[in-house]
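Residue numbers in the sequence shown follow the working numbering, run continuously in steps of one, and reach 251 at the last position. Beta carbons are placed, not taken as given, at the ideal position from N, Cα and C, and that holds for glycine. Here the structure is a predicted model, which means the values were calculated and not measured.
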Amino acid sequence: MSEFEPDQSAKPPAPPRKRPKPGERRVQILQALAGMLEQPGAERVTTSALAARLGVSEAALYRHFASKAQMYEGLIDFIEQSIFTLLNQIAEREVEPAQRCGKLVWLVLQFAEKNPGMARVMVGDALVFENARLQERMNLFLDKLEASLRQYLREAALPSGTAAPGADAQVRASVLMAFVTGRIQRYARSGFRRLPCEQLEPGLALLLG
């Protein structure tokens, strides 16, 4: 072979590995964690298993999150921002308070149905072995949803002249919230087979009728 002829047996150099953009690796970690929580029967996700799924070291995870609890907080941030952003849109578009209640329930259950891993976080199944502050924060999120339901139901009861609209709204909001969390919990514990939104319309008709 002439010294000027290319060596056909030589392999082209491997392309340089693309480095994730700032913040992109954090998103990848959270997506992987949510994906692992979607596995039916998964009890506890370890950082070693999460790192293996991503093909990185555990030390690489901790360059983006100070702890595993912080990773779960990232998932809770996503849940809160997603749901409350949509709830604000409902409040702006829907004038009728009773309709707002129904749409709030639909929204929360649809979100859980489309995000099975997040559903396990919402009802605490994924947080059993984690830092207690995570469950406290999730409880606060659910309390805020119930407060929104209570406000809508109180507004809906005012024109009817109910003797104690506040007390009535509190009871009904509590029942609706138990319905929501029960549906999500059934979904998670059935291995995501019993969908939260199945037969939802007749169920809401009974609760809000």
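{"Check": "Cα-Cα separation, Met219 to Leu184", "Outcome": "8 Å"}
{"Check": "Among Glu80, Gln73, Leu72 and Val69, the one whose alpha carbon lies nearest that of Ser232", "Outcome": "Glu80"}
{"Check": "Supposed close pair Leu129, Leu151 - CB separation, criterion 8 Å", "Outcome": "Not really, about 13 Å apart at Cβ, beyond 8 Å."}
{"Check": "Residue range of the alpha helix (DSSP H) that includes Ala189", "Outcome": "Ala174 to Ala199"}
{"Check": "Segment contact, 8 Å Cβ cut-off, at least three pairs: the region 104-111 with the region 169-187", "Outcome": "yes"}
{"Check": "Neighbour-count burial assignment, Leu182, 16 or more Cβ in a 10 Å radius", "Outcome": "exposed"}
{"Check": "Distance CB(Val137)-CB(Gln227) smaller than 8 Å", "Outcome": "no"}
{"Check": "Met78 beta carbon less than 8 Å from that of Arg95", "Outcome": "yes"}
{"Check": "Pairwise C-alpha distance: Tyr229 and Ala168", "Outcome": "13 Å"}
{"Check": "Environment of Arg235 [buried if 16+ CB atoms lie within 10 Å]", "Outcome": "exposed"}
{"Check": "Residue burial classification, Pro238 (beta-carbon count within 10 angstroms, cutoff 16)", "Outcome": "buried"}
{"Check": "Rounded straight-line distance, which links the Cα of Gln70 to that of Phe120", "Outcome": "13 Å"}
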